[in-house]
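Novice:
Number of protein chains: 4
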Amino acid sequence: MEIEELKRKLSGEEPQKIIEYALNNYKKIAISFSGAEDVALIDMATKIKGDVNIFTLDTGRLHPETYEFLDRVRDHYNINLKTYFPDAHAVEQMVNKKGLFSFYQDGHEECCGIRKVEPLERALSSLDAWVTGQRRDSNPASRASLPVVQKSGRLIKFNPVANWSLKRVWEYIRENRVPYNELHKRGFVSVGCAPCTRPILPGQHEREGRWWWETGERKECGIHLTLADSLSTTRKRK
Amino acid sequence: MEIEELKRKLSGEEPQKIIEYALNNYKKIAISFSGAEDVALIDMATKIKGDVNIFTLDTGRLHPETYEFLDRVRDHYNINLKTYFPDAHAVEQMVNKKGLFSFYQDGHEECCGIRKVEPLERALSSLDAWVTGQRRDSNPASRASLPVVQKSGRLIKFNPVANWSLKRVWEYIRENRVPYNELHKRGFVSVGCAPCTRPILPGQHEREGRWWWETGERKECGIHLTLADSLSTTRKRK
Amino acid sequence: MEIEELKRKLSGEEPQKIIEYALNNYKKIAISFSGAEDVALIDMATKIKGDVNIFTLDTGRLHPETYEFLDRVRDHYNINLKTYFPDAHAVEQMVNKKGLFSFYQDGHEECCGIRKVEPLERALSSLDAWVTGQRRDSNPASRASLPVVQKSGRLIKFNPVANWSLKRVWEYIRENRVPYNELHKRGFVSVGCAPCTRPILPGQHEREGRWWWETGERKECGIHLTLADSLSTTRKRK
Amino acid sequence: MEIEELKRKLSGEEPQKIIEYALNNYKKIAISFSGAEDVALIDMATKIKGDVNIFTLDTGRLHPETYEFLDRVRDHYNINLKTYFPDAHAVEQMVNKKGLFSFYQDGHEECCGIRKVEPLERALSSLDAWVTGQRRDSNPASRASLPVVQKSGRLIKFNPVANWSLKRVWEYIRENRVPYNELHKRGFVSVGCAPCTRPILPGQHEREGRWWWETGERKECGIHLTLADSLSTTRKRK
Chain A
1480 MEIEELKRKL
1490 SGEEPQKIIE
1500 YALNNYKKIA
1510 ISFSGAEDVA
1520 LIDMATKIKG
1530 DVNIFTLDTG
1540 RLHPETYEFL
1550 DRVRDHYNIN
1560 LKTYFPDAHA
1570 VEQMVNKKGL
1580 FSFYQDGHEE
1590 CCGIRKVEPL
1600 ERALSSLDAW
1610 VTGQRRDSNP
1620 ASRASLPVVQ
1630 KSGRLIKFNP
1640 VANWSLKRVW
1650 EYIRENRVPY
1660 NELHKRGFVS
1670 VGCAPCTRPI
1680 LPGQHEREGR
1690 WWWETGERKE
1700 CGIHLTLADS
1710 LSTTRKRK
Chain B
1480 MEIEELKRKL
1490 SGEEPQKIIE
1500 YALNNYKKIA
1510 ISFSGAEDVA
1520 LIDMATKIKG
1530 DVNIFTLDTG
1540 RLHPETYEFL
1550 DRVRDHYNIN
1560 LKTYFPDAHA
1570 VEQMVNKKGL
1580 FSFYQDGHEE
1590 CCGIRKVEPL
1600 ERALSSLDAW
1610 VTGQRRDSNP
1620 ASRASLPVVQ
1630 KSGRLIKFNP
1640 VANWSLKRVW
1650 EYIRENRVPY
1660 NELHKRGFVS
1670 VGCAPCTRPI
1680 LPGQHEREGR
1690 WWWETGERKE
1700 CGIHLTLADS
1710 LSTTRKRK
Chain C
1480 MEIEELKRKL
1490 SGEEPQKIIE
1500 YALNNYKKIA
1510 ISFSGAEDVA
1520 LIDMATKIKG
1530 DVNIFTLDTG
1540 RLHPETYEFL
1550 DRVRDHYNIN
1560 LKTYFPDAHA
1570 VEQMVNKKGL
1580 FSFYQDGHEE
1590 CCGIRKVEPL
1600 ERALSSLDAW
1610 VTGQRRDSNP
1620 ASRASLPVVQ
1630 KSGRLIKFNP
1640 VANWSLKRVW
1650 EYIRENRVPY
1660 NELHKRGFVS
1670 VGCAPCTRPI
1680 LPGQHEREGR
1690 WWWETGERKE
1700 CGIHLTLADS
1710 LSTTRKRK
Chain D
1480 MEIEELKRKL
1490 SGEEPQKIIE
1500 YALNNYKKIA
1510 ISFSGAEDVA
1520 LIDMATKIKG
1530 DVNIFTLDTG
1540 RLHPETYEFL
1550 DRVRDHYNIN
1560 LKTYFPDAHA
1570 VEQMVNKKGL
1580 FSFYQDGHEE
1590 CCGIRKVEPL
1600 ERALSSLDAW
1610 VTGQRRDSNP
1620 ASRASLPVVQ
1630 KSGRLIKFNP
1640 VANWSLKRVW
1650 EYIRENRVPY
1660 NELHKRGFVS
1670 VGCAPCTRPI
1680 LPGQHEREGR
1690 WWWETGERKE
1700 CGIHLTLADS
1710 LSTTRKRK
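If you're matching them up, the sequences are chains A, B, C and D in order.
Using this note's numbering, you'd call the opening residue of the first sequence number 1480 and step up by one each time.
Using this note's numbering, you'd call the opening residue of the second sequence number 1480 and step up by one each time.
Using this note's numbering, you'd call the opening residue of the third sequence number 1480 and step up by one each time.
Using this note's numbering, you'd call the opening residue of the fourth sequence number 1480 and step up by one each time.
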């Protein structure tokens, strides 16, 4: 089925239907679990199918609470959570040259490239499709027109909760007693790496809690912003 | 001017206009400062008039951060912040009989009565009018029809931000660099006494952070819910 | 029995023996519980005698963790914990004039006088003897020669753990599973009012965590330093 | 000079003298900086010699406060802090099989082996000597007879503060305004990886804050306990 047709077919559906379609139609598929509230996806997926591939990116700079949360989710759903870790040499090279907080000076792209994008590329290299927890309302500057399904390089990417609001996701979490990161009890909404995440004030948009020293459009970790291009480039080169 | 006429006159006005009207037309008037984000009122008032009466209720159970915040506001605006403290005998009697957390068992009314309502009555006894930071959206169960001005016993009560949303209040705070309680950096939205206040989760209504063991309508500290009656009763008795 | 004789008799005894002597020989006696680790005294006392008078001073500025701890001790030992609260008028007068943190400028004596010494005098007014958790090693500047029993105005004061070190007290707490303040898990050793208490660094003396802007000898809340004189003066005046 | 002779020569000396001797007599020498209070060594070394090799092991599980501290030290002393990071494949293999907290079940050796010992071996491979912050009083079970200098495989290991107590180290830190980890303000004394470190209670030995689910002798991260053997074995095999 063509992507545009698929988009039409799924765009009005509930997240569960979208996940079900994805899991039923792709064998080499996995859910990327970024360690925050998108465990709602895991909750939905494991109710549909016992055996789901789930992976997460351990950047080496997550909060202690996030590591604890990842393990809690692994136990709670009895899943095989596959973890990808950054390349030692690349991390050492960057850190030895620039220190541990260079992103505050020259932007988060380099660090995200080493700690997130490269491990993600390894994670995706054996897949045909993946499922993410992206929402349109999570970044008005860059995700305003995010579809529930899209091409991402040679892969199909499903965003089952693209249409859901933050509020709706959290209703689901509470109703279904889905585990969540302890940081959400302390004002954190969107949770990423520790140095690039902060709690937000009342009334602030969740994106204010990420890469706050940068402007709206750049506030993407690189996974979703540049991956399509970087991957297709990679493929072309080969 | 009759209250209904006044309501019509002020209901569409911006908070600053309402405060200005109040301060200009009532001599025995004060702003009640509950120690959270309604310092926006103080910011507006002190820009209108140098010498404003402001009082706060120190219940003896506020967070250390709240005491620090009260003092910071006092210094920042160079105001004479009048504090009311609960009666020693009444506190001792309740606590000796029931312990320090009896409200979790038999409701917050008794404790609020001793630590908030009685001190408030002392604060109001010499006033003709007071200004509060109540908003309609802060408690859908009990404040949905809150007017910007109303009778409260023998007093006139102004609620200048009744029409403002939480989001709008916080825009004002950020734009005007208004000081705020450090607790707001840790997931607290509505802040009262320490044992009766908690941070909320993403997507939760601010009222979920107060008296969470009780149901919606009772979630008022007694100041705004029962005062009108209790005061008018008091007056009638005399 | 004369005080000097009593001192000789008890000075080499274990705390339990001293408490036992005190409880058996004085009817109007109470343990003052300052809300930190001296709950060891309560543990010893309740093992000796079912019905012990215990009082605490709620200054209105304790940590939320301390209030929670006081209630936990009350439940754990099923004791009637008598609480004394400061006089509203005295607190209001000080705070309205000087703000909530005047002690950082002009010393803690005035605030301790209102929030601790006056309530303590009420607590002691009906007693002949009291039991405290003072230790010699807790303040080398002022407690170096603290005896296990002494005259304090017209009262007899017992200090059963005067000879014990901090380390010994905490061994007792762990061995006997005595409840302790949660703040002790976060670097706090000596715990008093929130604004006048801080965690200490490794290797620091516990007294560094109290009234750190003042010098050693003054680092007493006034209860133990000046009470003897103030009480005897009071009595003489009558 | 023979090791025994060197030991006699240095055992009574102050740390500064020992460091000075080490830096002057070994070219391929570095200070291992474990990210806690042993920055005292760096303070001493940089006062002796401008250009000192310092390395640290970033296990990927340090506290956010520790990363912040490492960078603060790097800036403060303007040093070239060389960081070693664990091998991605080894971390992934362990974590995918056993989860992120397997050390609580089957001991810390495997995880320390991957995250600390292997990176350390890389760090030491080009050195003839290294300087550590080990103290005798930091682990009575395993370090009671720690000398100020010893053989460690083919290397010479200097322990300049072996004779110093925790208290003495912290006196040095305060007197010399040496930067320290913010965690030390919250009850942490000995600081390692986040999941294997906890604050201690008053009166507890610092070692109670590390690997608390294991017994005394095993409470070594493997760096100092087994390295000598593992290294000499490695060498022999080649």
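From the three backbone atoms N, C-alpha and C, an ideal C-beta is built for every residue, glycine too.
1) Can you tell me whether B/E1516 sits near the ligand ZN, meaning its C-beta is under 8 Å from at least one heavy atom of the ligand?
2) How many Å lie between B/A1519 and B/N1642 at the Cα?
3) Any idea what DSSP makes of B/R1614, helix, strand or coil?
4) Under 9 Å, Cβ to Cβ, is there at least one residue of chain C near D/H1568?
5) Skipping 5 residues on each side, what residues in its chain have a beta carbon closer than 6 Å to that of B/N1655?
6) If you draw a straight line from the C-alpha of C/I1497 to the C-alpha of C/R1487, how long is it?
7) Which residues in chain B have a C-beta closer than 7 Å to the C-beta of A/R1665? List them in chain order.
8) Does B/G1612 get closer than 9 Å to chain F when you measure Cβ to Cβ?
9) Which same chain residues, not among the five before or five after D/F1667, have their C-beta less than 6 Å away from its C-beta?
10) Who are the neighbours of C/P1658 on chain B, taking C-beta pairs under 9 Å?
11) Drop a sphere of 10 angstroms on the beta-carbon of B/K1717, count the other beta-carbons inside from all chains shown, and report buried for 16 or more, exposed for fewer.
12) Would you say A/T1562 reaches chain D, if we count a Cβ-Cβ gap shorter than 9 Å as a contact?
13) At least one CB of chain A closer than 9 Å to the CB of B/S1617: is that the case?
14) Listing by chain order, which chain D residues have their CB less than 8 Å from the CB of A/N1557?
15) Given this structure, state the Cα-to-Cα distance separating C/S1511 from C/F1564, to the nearest angstrom.
16) On a CA-only basis, which of D/I1533, D/H1587 and D/R1622 is nearest D/A1602? Give me that one, please.
17) Taking B/T1535 as part of the beta strand (DSSP E), name the residues at either end of that continuous run.
18) As a quick exercise: from D/L1625, D/S1605 and D/A1620, pick the residue whose alpha carbon is nearest that of D/T1611.
19) Flag C/P1598 as yes if its beta-carbon sits less than 9 Å from any beta-carbon of chain B, otherwise no.
20) Buried or exposed: where does C/A1620 fall if 16 or more other Cβ atoms within 10 Å of its Cβ makes it buried?
21) Would A/L1645 and A/R1622 qualify as a contact pair, given that the criterion is a beta-carbon distance under 9 Å?
22) Mind the definition here: the region 1559-1578 of chain C touches the region 1589-1597 of chain C only if three or more C-beta pairs lie below 8 Å; say whether that holds.
23) Against C/A1673, what residues of chain B qualify as contacts under a CB-to-CB distance less than 8 Å, listed in chain order?
24) Let me confirm a value: C/G1539 is counted as buried when at least 16 other C-beta atoms fall within 10 Å, else exposed. Which label applies?
25) Could you tell me which whole alpha helix (DSSP H) segments of length 4 or greater appear in the region 1569-1657 of chain A?
26) With DSSP as the reference, label A/A1509 as helix, strand or coil.
27) Hey, how far is the Cα of A/T1525 from the Cα of B/E1650?
28) Considering Cα atoms alone, identify which of B/G1586, B/R1689 and B/L1634 is closest to B/L1606.
29) Would you kindly work out how many angstroms separate the C-alpha atoms of C/E1589 and C/K1577, rounded to a whole number?
30) How should C/N1638 be labelled, buried or exposed, when 16 other C-beta atoms within 10 angstroms of its C-beta is the threshold for buried?
31) List the DSSP bridge partners of D/A1561.
32) According to DSSP, simplified to helix, strand and coil, what is C/T1694?
33) For A/N1660, does the count of other Cβ atoms within 10 angstroms reach 16, so buried, or fall short, so exposed?
34) According to the Cβ coordinates, are C/S1669 and C/E1693 closer than 9 Å?
35) Quick one: using the 10 Å Cβ neighbour count with 16 as the cut-off for buried, is A/N1559 buried or exposed?
36) Cβ of C/K1715 less than 9 Å from any chain B Cβ?
Specialist: Quick look at the numbers:
1) Absent from the structure shown: the ligand ZN. Ligands present: none.
2) 14 Å
3) coil
4) no
5) The beta carbon of B/N1655 sits closer than 6 Å to the beta carbons of D1522 from its chain, once the five residues preceding and following it are set aside; these are given in chain order.
6) Whole-angstrom Cα-Cα distance: 12 Å.
7) R1665, G1666 and P1678
8) Structure shown: chain F not included; protein chains present are A, B, C and D.
9) Excluding residues within five positions, the ones whose Cβ falls inside 6 Å are P1678.
10) Ordered by position in chain B, no residue passes the 9 Å Cβ test against C/P1658, which lies about 14 Å from the chain.
11) With a pLDDT of 32 at B/K1717, under the threshold of 50, the modelled position of that residue is not reliable, and the figure given next carries that caveat. So B/K1717 ends up on the exposed side.
12) Judged by the 9 Å Cβ criterion, A/T1562 is in contact with chain D.
13) no
14) None at all; the shortest Cβ gap to chain D is about 12 Å.
15) 14 Å
16) That would be D/I1533, whose Cα lies nearest to the Cα of D/A1602.
17) According to the DSSP assignment, B/T1535 belongs to the beta strand (DSSP E) that extends over I1533 to L1536.
18) D/L1625
19) yes
20) exposed
21) Going by C-beta atoms, A/L1645 is not nearer than 9 Å to A/R1622.
22) Taking 8 Å as the limit for Cβ pairs, the verdict is that the region 1589-1597 of chain C does touch the region 1559-1578 of chain C.
23) Those are P1543 and Y1546, listed as they occur along chain B.
24) buried
25) Within the region 1569-1657 of chain A, the runs of alpha helix (DSSP H) that reach at least 4 residues and sit entirely inside it are, in chain order, 1582-1585, 1588-1591, 1597-1603 and 1645-1654.
26) Strand, per DSSP.
27) 41 Å
28) B/L1634
29) 11 Å
30) buried
31) Correcting the residue identity first, residue 1561 of chain D is Lys in this sequence and not Ala. Answer is D/F1534, bridged to D/K1561.
32) coil
33) The residue in question, A/N1660, is buried, as its Cβ has 16 or more Cβ neighbours within 10 Å.
34) no
35) The residue is exposed, with fewer than 16 neighbouring Cβ atoms inside 10 Å.
36) Note that C/K1715 scores a pLDDT of 35, beneath 50, so its modelled location is shaky and nothing firm can be said.
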